[in-house]
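*Asks:*
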Amino acid sequence: MFECQTNRCTLQPFARDAGRSLCSATAVPPDDDGIFVLFDVELCELYDTLLYDLCKIVHDRLTAIKFSYELTARNARTQRQEVTRFLRLAVDTAVSMKGEKLNEAVSLLSNCMPRLVEPLFKYGRNSVHDQESEGYELYHAGLEWRWLVLLLASEAAAAESCDPSSLTVGQEAGQGAKNRRKRRSIHATFQALYREMMIDLLELVFQLFRINTVDSLTDECPFQCGCLRCMWIGLMSLAERSNGQLQFWTCMDECLPTVLNGRTDGYLLKLWLINGLVDLLPNDVATLSADSAQTFVDELLNEVLRADCREEQMRVVLVLLCPITSGRCGSVRHEPIIALWAYFSARLNSPFLLKTDSIASGGCVSQSIAGFIEQAQELVATSEEITTLRTALDARRVNSFRMFLMMLAFVIRHFTKETNKKKVQIIFNRVFVKLAPNKYVNMTEQAIYNLGLMLTTMTVATGYPEDYPRVSRHMQMVPFDGGGGGGMKQPVEVAIRRIVMATQAHMALLVLFSGAPSFNKTGHVLEFMRSFEEAHQKYGQRLLPAMSAIAEGVLLLFEKAASRGSFERGELSLIDTWLTRYLHGPGTGWHKLLDVLTSAMVHTASHSSNRALTEAIMKHVFPFVKEQFMKSDPAPSSIARLAAQLTLSAKTDGDHGETSFLALFNIFTGSLTADSQQLLDYLREIVASSRVQELDERVIVRLWLKLALYYGAQELRDLTRIVYRLNEFRVLCDIPEYDLLETDAVPMHLFLRYIGKRFRETHDGNEQLQLKMRLHHLFQHFDRWIPEPTGIVRQRILSVLVLALKECDQAFYIRSNPSCLYHLAFQQYFLPVSVLTDRQLAADYVEDMARVWHRVMDVLSRMAYQSDSVIGDRVINMLTKWLPQFAKLPSKAPREMVRPLMLFFCGSGSNEALVSYAMPRVASTFVELQRCLPKPNALPVMRMLQWLLQELIASADYAKVALFVRLLGLPIVMHAVMCSASQPTRGIATTLVYDMVASTSGPSNVVRDEMRTVLANFTRKYLPIAADTYFVFMCRLADRNPLFIRSLIDTVREELLQAERLRGTGTDSFLRKSLYRLEGAVEASTAKLTSTRVDDT
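In terms of UniProt numbering, the sequence shown opens at residue 1 and continues consecutively.
(1) Counting Cβ pairs, one atom from each stretch, are 3 or more of them under 8 Å apart for the segment 532-548 and the segment 571-581?
(2) By Cβ distance, which residues of its chain are closer than 6 Å to valine 922, with the 5 residues on each side in sequence left out?
(3) Do the CB positions of residue 1127 and histidine 777 come within less than 8 Å of each other?
(4) Would you say cysteine 251 faces chain B, with C-beta separation under 8 Å as the test?
(5) Note the first and the last residue of the continuous alpha helix (DSSP H) segment covering valine 41.
(6) For the alpha helix (DSSP H) containing residue 1101, list its first residue and its last residue.
(7) For leucine 933, name the three-state secondary structure that DSSP assigns.
(8) Between which two residues does the alpha helix (DSSP H) holding methionine 458 run?
(9) May I ask you to report which of helix, strand or coil DSSP gives lysine 521?
(10) Pair every Cβ in the segment 415-422 with every Cβ in the segment 370-379, then say whether three or more of these pairs are closer than 8 Å.
(11) Give me the Cα-Cα distance between residue 1109 and aspartate 858, rounded to the nearest whole angstrom.
(12) In the structure shown, what three-state DSSP assignment does leucine 256 receive?
(13) For glutamine 714, count the other beta carbons within 10 Å of its own beta carbon; 16 or more makes it buried, fewer makes it exposed. Which is it?
(14) Which residue from Arg328, Glu203, Gln245 and Cys221 puts its Cα closest to that of histidine 187?
(15) Spatial neighbours of asparagine 103 within its chain, please: C-beta separation below 8 Å, excluding the five flanking residues on both sides.
(16) Output the distance between the C-alpha atoms of methionine 113 and lysine 101, rounded to the nearest integer angstrom.
(17) From this set, Asn399, Arg397 and Arg470, which residue's C-alpha is nearest isoleucine 426's C-alpha?
(18) Bridge partners of lysine 651, per DSSP?
(19) What does DSSP give as the partner residues of leucine 583 in its beta bridges?
(20) Going by DSSP, what residue range makes up the alpha helix (DSSP H) through lysine 56?
(21) If you drop the 5 nearest sequence neighbours on each side, which residues of the same chain put their C-beta closer than 6 Å to that of arginine 413?
(22) For leucine 672, which three-state DSSP category applies?
(23) Do arginine 88 and leucine 51 have their beta-carbon atoms positioned less than 8 Å apart in this structure?
(24) Please name the residue in Tyr1022, Arg874 and Phe401 whose C-alpha comes closest to that of arginine 315.
(25) So residue 1142 packs on isoleucine 499, CB below 8 Å; how close in whole Å?
(26) Mind checking threonine 604: buried by the 16 CB within 10 Å criterion, or exposed?
(27) Kindly list the residues whose CB is nearer than 7 Å to the CB of leucine 613, restricted to its own chain and excluding five residues on each side of it in sequence; keep chain order.
(28) Would you call the segment 853-868 and the segment 835-843 in contact, with 3 or more CB pairs under 8 Å?
(29) Tell me whether leucine 38 sits in a helix, a strand or coil according to DSSP, three-state version.
(30) Do leucine 1056 and isoleucine 1045 have their C-beta atoms closer together than 8 Å?
(31) Around the C-beta of glutamine 247, are 16 or more other C-beta atoms found within 10 angstroms, so that it is buried, or is it exposed?
(32) Quick one: what does DSSP say glutamine 946 is sitting in, helix, strand or coil?
(33) Would DSSP call valine 793 helix, strand or coil?
(34) Can you name the start and end residues of the alpha helix (DSSP H) that lysine 489 belongs to?
(35) Where does glutamate 335 fall in DSSP's three states?
(36) Excluding the 5 residues flanking isoleucine 65 on each side, which residues of the same chain have their C-beta closer than 8 Å to its C-beta?
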């Protein structure tokens, strides 16, 4: 009947009829004559007297086996089979037997039956599975015999209860008392055997329980073998068939003290056994559905609570309680979970950690509101089904409190699915009853975390928004300034962490409450804001972590409100004074918060709540947005977007207050320090809206031009499309759409070129005047567009100004108006005060000007500089003020330093006239001497002239060399002769003279003529007053170029004669001798030169 090795024992027959169907006459098959053979006795049928006699034989055999020391496995199996066949036949025929003999037979058999645990004590654990040992046979024989005797007693009791009386009424009166005594005796025997079987089975479970650790109980089975599973199921089946005479759970509860023998951890054994029994039954069998079972469970839970389990034990208890709380072995009830809450509610301050757990594995580990909610959602998702709940509990990766929350979530979800609102409300009520006001006051950071996680989990689990108000009220009962325990003062750091945790819990719940549109969070938010403000007055900016938590919650709340399309459920009340402090706090991620506020304004643009939202943001956020917008440092785009939305949501232009549309627009666009990207992002938002019509088109064009100094065509494309459609823009110029909107041409350059084109094509004077005034108003205060530009922006500004004056100088030059673009260009950029006063200039500014200086001079060459003194002065200053600065360029290559002057000097034909006009002024300013001393900045400028001449000679541009000699030759020669010998400029001037004289050796007659004229003028001016110095200088020149000086001898002779006439003393021997020396020097140098050429040949 019980055979582990062949797995012949199945649960179904025992669950159905306690194994009664396994006992039939076929177990002892008769021969052809219908004769049975039992214990060597032939019989046709088994009646009560014969049964009793055979029971005596069984008694003798069992006694012999008990005291036998030479029993083999084969003999034991033979004895087992014979006794088992007899008992099965007895059970099968017991119904037909009557009388007291049957009861006596049962008693006789029960008295000789071995206890189930005896083979284990005698033969060890091998008796369970080692089929080759006698212990195996005796162990399983004991199971079979004890069970069959119990079935025999059950059958006898059932037969006695169902036997119809054959007595008459008179006889019944005499025999009634006797029959009742007999029935009581039979039932008492059955109940006693049932109790003994329960004790023995519990003893077997206890033997396994005491050798296992607490942690291993969740993985180990409480039964030594599968046969015991059948017997436990059979016991439950017998109790159900006893018509209430037996209560399985009551009997177990009564028998356990006998087995436990005073141990205090009996609750673990009970839970372990329940888990083992549940795994045996089909899912549709309600093991714990009876009232006695529920009473047993309730008492078991009370026992667990009285035990005051440690954390490691509580985790095991919760795993073992899973079948009870999840309804695996009965209906789902709320009482067990409420009983467990009594345990945890008294320990909310605990982190529920093991000694080996790290702090990060439990406790207050949530770093964000989203993480807080995700933890709760994960707990609910894990407990969605029984299988997932049990898997999660078995893993024991979380502490006992979270395991409890899984069970709580499962029960709430179960009743929610069944639409049993009353049960859900009962659970909420019972949970809140345990939270007295004084418990809220004394909550630590850990307690608030545990409470918040529980309330969040319950909120996620419930499907009834009607529960939200109670959750909200209880969360509001947690004071921000508390947790000291009896009024004790706590450290500031502890108090702040507590407030941060409370803030996270509040915000997590508010986010979850947003899932129910019908629930208005305004009351909760206002109370929360009031409490937080009180805490901030005490702790100040040290609550910045709590503000960060509020900010994250606002992000989530506003996202949900935006998707819902309404901000009238308390969200607007979150925009309060904390927000201003948070935005100014260090290291905050305020840009995300501003993005959400911007999105909220966009979503409510046409909603009634937009006005309240705008007013709240204007009060608490606008000052910060304005401050960040005005900074020159780049800021996140959220600043510009929110600034734009605040502007678009402002009142109409009929209200001229500080918060009107035009006022806000002027504040943001009129900032002189705002970053260009901020302004661009802001304008994109503004011009893309319908309110662009309220703005002056000229202002939009001006801002577009300003941004064109920072960005190229691609970056400005969106803004350019809007500007292109403006009437003001079309009046000024007519740029082809493709050129402006499809190509990468610089927008500002296109604008200026086409303005110049329209101005030149306009022949009507009035139209030109109107266009001129439009441009004047457009570029008015151009210098204020970008104050103190640097780098690439300054280079672009300089380039744009040059282009503007080049393309349309007549349109931008108003002689009598100092605010016209021409005057601004020179006063602020080309010739600022720092340049006019010869101050030290930044090297990068000088480099930037060096790039465009020749272009400025080219522009001036086309203007009336000779007739207009204003323009003429600009020309002279551009030369005299900038040449010394160019000589200071950091580049060590002279070619780079002289490049601006070279480009100017070698310009076009119109430029040559300007060169002829301006260079003499350069000579008078820097080359000419003042009492034989050089003037200020003469040294750098003369170096520039030296490099210029060298470049001209090297490039063989003899026309420009001749121009140089004609304009500067005489002052340079005079400087070389008359300058003090101690001045470095004398050497530079002398070198220049040598280079000019040397250039006469070239093929250009013009150069020679110009140089001859220079020296002739020099002779005419200097020979009469300083002949000695003159002839010394000329002799030096003769040594270098005797051929050219020979061509001047006649001129010198004529001037010498003129000098003699002027003196009136006749022939001057000194002058004659000096001329003779000069001629001798020429002849000697010529001869030397000729000899050198012959030698070379």
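We treat Cβ as the ideally placed atom computed from N, Cα and C, and that holds for glycine. Keep in mind the model is a prediction, meaning the values are calculated, not measured.
*Replies:* For this structure:
(1) yes
(2) For this step, residue 922 is matched to residue 922 along the sequence shown. Contacts found: Leu879.
(3) The chain is shown from 1 up to 1097; residue 1127 falls before or after that span and cannot be answered.
(4) This model lacks chain B altogether, as it is built from one protein chain only.
(5) Translated into the one-based positions of the sequence shown, residue 41 becomes position 41. Here valine 41 belongs to no alpha helix (DSSP H); instead the beta strand (DSSP E) covers 41-43.
(6) Because the chain here runs from 1 to 1097, residue 1101 falls outside it and cannot be looked at.
(7) Counting from one through the sequence shown, the residue named residue 933 turns up at place 933. Three-state DSSP puts leucine 933 in a strand.
(8) Sequence index remark: in the sequence shown, residue 458 carries index 458 (1-based). That run of the alpha helix (DSSP H) goes 445-461.
(9) For the purposes of this step, residue 521 is taken as the residue at position 521 of the sequence shown. Lysine 521: coil per DSSP, three-state reduction.
(10) no
(11) It is not possible to answer for residue 1109, since the shown part of the chain is limited to 1 through 1097.
(12) As a first step, residue 256 must be located in the sequence shown, where it is residue number 256. Of the three classes helix, strand and coil, the one that applies to leucine 256 here is helix, per DSSP.
(13) In the sequence shown, counting from the first residue as 1, residue 714 sits at position 714. Exposed, by the Cβ-count rule.
(14) One-based indexing of the sequence shown puts residue 187 at position 187. Histidine 187 has its Cα closest to that of Gln245, out of Arg328, Glu203, Gln245 and Cys221.
(15) As a working mapping, residue 103 is identified with position 103 in the sequence shown. For asparagine 103, where only same-chain residues beyond five positions count, the Cβ hits under 8 Å are Ala156, Lys182, Ser185, Ile186 and Thr189.
(16) On the sequence shown, residue 113 is found 113 positions in, with the first residue counted as 1. On the sequence shown, residue 101 is found 101 positions in, with the first residue counted as 1. Near 18 Å, if we compare the C-alpha coordinates of lysine 101 and methionine 113.
(17) Taking the first residue of the sequence shown as 1, we reach residue 426 at position 426. Cα-wise, what sits closest to isoleucine 426 is Arg470.
(18) For the purposes of this step, residue 651 is taken as the residue at position 651 of the sequence shown. Its beta-bridge partners are Ser660.
(19) One-based indexing of the sequence shown puts residue 583 at position 583. Answer is none; leucine 583 lacks a bridge partner.
(20) As a position in the sequence shown, residue 56 is number 56, starting the count at 1. Its alpha helix (DSSP H) spans residues 48-66.
(21) The residue given as residue 413 occupies position 413 in the sequence shown. If we look at arginine 413 and ignore the five residues flanking it on each side, its Cβ neighbours are Ala461.
(22) Counted from its first residue, the sequence shown places residue 672 at position 672. Reduced to three states, the DSSP call for leucine 672 is coil.
(23) The sequence position of residue 51 within the sequence shown is 51, counting from 1. The sequence position of residue 88 within the sequence shown is 88, counting from 1. No. Outside cutoff.
(24) Indexing the sequence shown from 1 puts residue 315 at position 315. The option with the nearest alpha carbon to arginine 315 is Phe401.
(25) Here the chain has residues from 1 to 1097 only, and residue 1142 is not among them.
(26) Working through the sequence shown from its first residue, we reach residue 604 at position 604. Buried, since its Cβ has 16 or more Cβ neighbours within 10 Å.
(27) Here residue 613 refers to the residue found at position 613 of the sequence shown. Closer than 7 Å at Cβ, skipping near neighbours: Phe567, Leu572, Ala600, Met601 and Thr604.
(28) no
(29) Taking the sequence shown and counting its residues from 1, one reaches residue 38 at position 38. Three-state DSSP puts leucine 38 in a strand.
(30) The sequence position of residue 1056 within the sequence shown is 1056, counting from 1. The sequence position of residue 1045 within the sequence shown is 1045, counting from 1. In this structure, isoleucine 1045 does not lie closer than 8 Å to leucine 1056 by Cβ.
(31) The residue labelled residue 247 in the question sits at position 247 within the sequence shown. That one is buried.
(32) Residue mapping note: residue 946 aligns to position 946 of the sequence shown, counting from 1. Helix, per DSSP.
(33) As a first step, residue 793 is located in the sequence shown; it is residue number 793 there, counting from the start. Helix at valine 793.
(34) Position 489 of the sequence shown, counted from the first residue, corresponds to residue 489. Element bounds for lysine 489: n/a, residue is neither H nor E.
(35) Here residue 335 refers to the residue found at position 335 when the sequence shown is read from its first residue. Three-state DSSP puts glutamate 335 in a helix.
(36) Walking along the sequence shown from the start, residue 65 turns up at place 65. Within the same chain, isoleucine 65 has close Cβ partners Leu71, Ala76, Gln79 and Leu138.
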